[in-house]
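S.K.:
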Amino acid sequence: MINSDSLALLKTGDKTLFSILVRDHHRALIALATPIVGTSEAEEVVQIAWGKAYNAIAAFEGKSQIRTWLSRIVINEAKMQLRARKKETLFSDLGSTDSDSDLLEDRFSQNGHWETPPANWHYDSPEALLMGDDLAKCLERILTAMPSNQRAILEMRDSSELPFKEICNNLSISASNARVLLHRARAHLFKLVDHYQETGEC
Amino acid sequence: MLKCREVVNEADQFLSYDLSRSRQWRFKFHLLMCKHCARYIRQFQALKNATPFMHPKASDKEVTRVMDSIDDQAPSL
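Which chain is which? The protein sequence lines are A and B, in order. Each residue of the first sequence is one higher than the last, beginning at 253 in the working numbering. Each residue of the second sequence is one higher than the last, beginning at 572 in the working numbering.
1. Counting only Cβ-Cβ distances shorter than 9 Å, please list the residues of the stretch 594 to 611 of chain B near chain A, keeping chain order.
2. Once you ignore the five residues that flank glutamate 295 of chain A on each side, which residues in its own chain have a CB closer than 7 Å to its CB?
3. Using a Cβ-Cβ distance under 9 Å, would arginine 592 of chain B count as near chain A?
4. Starting from leucine 391 of chain A, find everything on chain B with Cβ-Cβ shorter than 7 Å and list it in chain order.
5. Within 9 Å of any Cβ in chain B, is that where the Cβ of methionine 408 of chain A sits?
6. Roughly how many whole angstroms lie between the Cα atoms of asparagine 620 of chain B and arginine 610 of chain B?
7. Any beta carbon from chain A within less than 9 Å of leucine 586 of chain B's own beta carbon?
8. Quick one: does alanine 285 of chain A have its CB under 9 Å from some CB of chain B?
9. With a cut-off of 8 Å, do at least 3 Cβ pairs link the stretch 428 to 437 of chain A to the stretch 307 to 323 of chain A?
10. So, with DSSP's three-state summary, where would you put phenylalanine 360 of chain A?
11. By how many angstroms is the C-alpha of leucine 381 of chain A removed from the C-alpha of alanine 310 of chain A?
12. Does any residue of chain B have a CB that is nearer than 9 Å to the CB of glycine 314 of chain A?
13. Whose CA, out of A/Gln449, A/Ala439, A/Ser411, lies closest to the CA of phenylalanine 624 of chain B?
14. Taking the continuous alpha helix (DSSP H) assigned at leucine 603 of chain B, which residues delimit it?
15. Among residues of its own chain, excluding the 5 on either side of arginine 359 of chain A, which ones have a beta-carbon nearer than 7 Å to its beta-carbon?
16. Is asparagine 401 of chain A closer than 9 Å to leucine 387 of chain A when the C-beta atoms are compared?
17. Closest Cβ-Cβ distance between lysine 267 of chain A and chain B: below 9 Å?
18. Identify the contact partners of glutamine 299 of chain A in chain B, using a Cβ-Cβ distance below 8 Å as the criterion.
19. Proline 370 of chain A touches chain B at which residues, Cβ-Cβ below 8 Å?
20. Threshold first: 4 residues or longer. Then list the alpha helix (DSSP H) segments lying entirely within the stretch 298 to 343 of chain A, N to C.
21. Contact criterion: CB-CB distance below 9 Å. Does valine 445 of chain A meet it with respect to chain B?
22. Give me the chain B residues within the contact set of histidine 374 of chain A, using Cβ-Cβ distance strictly less than 7 Å, ordered along the chain.
23. Classify methionine 572 of chain B: buried if its beta carbon has 16 or more other beta carbons within 10 angstroms, exposed otherwise.
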């Protein structure tokens with residue numbers, strides 16, 4: 253993990269530190285690019301973005317998280333790839349909120365109160381909540397099966413921590429649509445973790 | 572009183588102080604009265620905090636591939 257002390261050295265172009273950055277964020281950036289350009293091109297997009305990030309690292313001011321800064325470079329690169337392929341929209345289902353229902357809906361009674369409340373969760377740290385080999389495999393499966401518009405917003409907002417307004421502008425969708433998509437994506441994760449915490453399997 | 576379903580649907584706006592002041596108070600009142608929703612909000616926040624860590628670190632092979640391609644294409648600083 254890069255801390256503020258090592259950031260100054262990183263900005264001088266230190267390749268050992270830069271490789272730590274790559275190790276920490278590469279998979280997350282591929283996950284970010286995947287719903288935008290597709291699995292087959294995501295790796296190439298991220299590869300190019302790393303080159304651009306290395307050349308621009310001296311200009312990183314530390315005003316945002318480094319993941320957020322890297323994510324912006326990847327999104328710009330992904331959009332350039334789409335333009336090169338003359339694709340106008342990122343995904344065919346971009347603004348649609350029809351492709352999936354609210355997964356937590358069946359947890360409520362007709363009067364709108366909990367019928368099946370959340371289980372008790374046990375975890376040692378925030379990072380630990382989504383770790384564990386069994387859970388990681390299920391998580392990967394759920395992310396792959398998630399509608400691409402939901403996944404894109406989940407990756408941009410909760411993994412890359414981009415501001416909500418910027419995501420709406422990036423994807424040219426309304427705030428209300430984005431909120432519905434994000435809510436549904438989080439419901440997928442919530443249901444997975446809740447079930448895993450209760451039963452030890454997923 | 573708010574319904575639990577409304578609390579779940581508006582959890583993100585509540586935590587971002589994005590609701591009107593009166594809605595924010597009604598939300599807080601509901602959380603004082605409803606242990607299930609109070610737990611949901613705690614877990615929702617924990618899940619949000621955990622999401623940046625949901626992707627595993629890259630393997631040595633992946634790191635080497637990226638660093639090699641930087642060596643190939645990027646001018647040194």
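By construction, the Cβ of each residue, glycine as well, lies at the ideal position given by its N, Cα and C atoms.
M.R.: According to the data block:
1. Cys605, Lys606, His607, Cys608, Arg610, Tyr611
2. Ile282
3. no
4. Met625
5. no
6. 15 Å
7. no
8. no
9. no
10. strand
11. 34 Å
12. no
13. A/Ser411
14. 592 to 604
15. Trp366, Glu367, Thr368
16. no
17. yes
18. Arg636, Val637, Ser640
19. His607, Arg610, Tyr611, Gln614
20. 318 to 336
21. yes
22. By Cβ distance, chain B contributes nothing, its closest Cβ being about 11 Å from histidine 374 of chain A, past 7 Å.
23. exposed
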